[in-house]
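A.B. asks:
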Amino acid sequence: TKLKTYGERATSLPNKTAQELLTLMERKKSNLAVALDVTTKQEFLDIADKVGPYICCLKVSHMQIPSSIIDSLKCLRIYLDVINIWLQESLKDYRRVPKMTHIDILEDFDQDLIDKLKKLQKKHDFIIFEDRKFADIGNTVKHQYSKGIYKIAEWADIVDAHAIPGDGIITGLKEIGLPLNRGLLLLAEMSSKGNLATGAYTEATIEMAKRHKDFVIGFISGKKFNSCDELIIMTPGISLDISNDDLGQQYKTPRNVIENGSDIIIVGRGIYGKGKDAVVEAQRYRNAGWEAYLEKLE
Ligand code: UP6
């Protein structure tokens, strides 16, 4: 049977974000997601603006904290250290001195970056994917998704999660995400050397996704799985030039993975890495991804 186009697949999906993503891929003729792993707000916004026209999805990695916030946190830290010393001195017998933990549930995040990101999203028409890789029990991930500094659920169309905690992680995220029409990807495979997401683990992850088709829109994986054709496959570990990095990352080409049924290629350093022109590289990867897709359709 003839393969369906991205646009044809969009209409049959239950999840709004999945429909939107596939429709905009068709409209922008792009199956390229850019992984924006940079550490400053300025760099982040600059690259997002440059590559915006060529991508279907912007992958944000664990949203970087603006340096202004880090400075305030450092001050807060010093302040708390002083209180600690004072407490230790004045309450010598009182051992349970307060310690700073769960820094990521502080409430004083600068909204400016998110506002600018949302403006860029409107300007360039892309989906935002926060690569948070949730991995805790349902009750905890629910809070990590909606609260704390980042309030991820307010601005990320898609997030991802490991299947390791069991169905509860999906149920927890779904309570927050589904009313907002968000979508979830499960990590069924990973690109790094020696990773454990293989065999029975991958199979169990696929079964888990099938039980939550209203919210799980697809997988992070290197290939399509026969039993769930309609789910979207997003693949990291993509390079046209090199086959690995020094820390276990393993690369394949866009053609390799699209031939194996991947729908979206995720490219990070291949686009914004040292000495690269992000616009030139974004066009190059977008063309490579789109050509491989067209060939597969024929
Ligand atoms: N990523 C992987 N492999 C996985 C899952 N996620 O590389 O199995 C993410 C990384 C990074 C991006 O966290 O953000 O995809 C790949 O970046 P790169 O192209 O610079 O290697």
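According to our numbering, the sequence shown holds residues 1 to 298 in order.
Note that CB positions come from ideal geometry on N, CA and C, so glycine has one too.
Please read these numbers as outputs of a predicted model, since none were measured by experiment.
Taking only the alpha-carbon atoms, compute the straight-line gap between R239 and R255 and give it to the nearest angstrom.
C.D. replies: The sequence shown places Ser at residue 239, not Arg. So the two alpha carbons sit approximately 10 Å from each other.
A.B. asks: Determine the burial state of P236: buried for a count of at least 16 other Cβ atoms within 10 Å of its Cβ, exposed for fewer.
C.D. replies: Its Cβ being crowded by 16 or more others within 10 Å, P236 is buried.
A.B. asks: Am I right that L22 and G7 are in contact with their C-beta atoms under 8 Å? What's the rounded C-beta distance?
C.D. replies: Yes, L22 and G7 are in contact; Cβ-Cβ is about 7 Å, under 8 Å.
A.B. asks: T17 lies in the alpha helix (DSSP H); which residues open and close that run?
C.D. replies: Start and end: 16-28.
A.B. asks: Which residues in the same chain have their Cβ closer than 7 Å to the Cβ of K99, if we skip the five residues on either side of it in sequence?
C.D. replies: Annotation note: pLDDT 40 at K99 (below 50); position unreliable, no value reported.
A.B. asks: Going by DSSP, which residues form a beta bridge with E130?
C.D. replies: According to DSSP, which records beta bridges pairwise, E130 is partnered with V60, V159.
A.B. asks: What residue from K119, V38, P179, D263 has the CA that sits closest to S30's CA?
C.D. replies: If we check each option's Cα against that of S30, D263 comes out closest.
A.B. asks: To the nearest whole angstrom, what separates the beta carbons of L36 and V60, a pair I think is in contact under 8 Å?
C.D. replies: Indeed they touch by this definition, with Cβ atoms about 6 Å apart.
A.B. asks: Do I152 and V216 have their beta-carbon atoms positioned less than 8 Å apart in this structure?
C.D. replies: No.
A.B. asks: Measure the alpha-carbon distance for A197 versus P165 and round it to whole angstroms.
C.D. replies: If I take the Cα positions, the gap works out to 13 Å.
A.B. asks: Following the continuous beta strand (DSSP E) through T40, name the residue where it begins and the one where it ends.
C.D. replies: Segment: none, T40 is in no beta strand (DSSP E) and carries neither H nor E.
A.B. asks: Can you tell me whether DSSP reads G52 as helix, strand or coil?
C.D. replies: If DSSP states are grouped into helix, strand and coil, G52 belongs with the helices.
A.B. asks: With DSSP as the reference, identify every bridge partner of L184, one or two as the case may be.
C.D. replies: In the DSSP output, where bridge partners are listed per residue, L184 has V159, V216.
A.B. asks: Just to confirm, does S227 get its C-beta within under 7 Å of one of the non-hydrogen atoms of the ligand UP6?
C.D. replies: It does not: the Cβ of S227 is nowhere closer than 7 Å to a heavy atom of the ligand UP6.
A.B. asks: Can you tell me whether T202 is helix, strand or coil according to DSSP?
C.D. replies: The answer is helix: DSSP assigns T202 an H, G or I state.
A.B. asks: Taking all protein chains shown into account, decide if N15 is buried (16 or more other Cβ within 10 angstroms of its Cβ) or exposed.
C.D. replies: By the 10 Å Cβ count, N15 comes out buried.
A.B. asks: How would you label R27, buried or exposed, when you count the other beta carbons within 10 angstroms and need 16 or more for buried?
C.D. replies: R27 is exposed by the Cβ-count criterion.
A.B. asks: Could you check the C-alpha separation between Y201 and I220 for me, to the nearest Å?
C.D. replies: Rounded to the nearest angstrom, the two C-alpha atoms are 14 Å apart.
A.B. asks: Mind checking who Q250 pairs with in its DSSP beta bridge?
C.D. replies: N244.
A.B. asks: Just to confirm my understanding: we take A300, look at its own chain, exclude 5 residues before and 5 after, and list those with CB closer than 6 Å. What are they?
C.D. replies: Absent from the model: residue 300. The displayed extent of the chain is 1 to 298, so no value can be given.
A.B. asks: Could you give the DSSP three-state label for R9: helix, strand or coil?
C.D. replies: R9 falls in the helix class under three-state DSSP.
A.B. asks: Out of E281, Y285, G289, point me to the one whose CA is closest to I258's CA.
C.D. replies: For I258, the nearest C-alpha among the options comes from G289.
A.B. asks: Spatial neighbours of N260 within its chain, please: C-beta separation below 6 Å, excluding the five flanking residues on both sides.
C.D. replies: Answer for N260: K223, listed in chain order.
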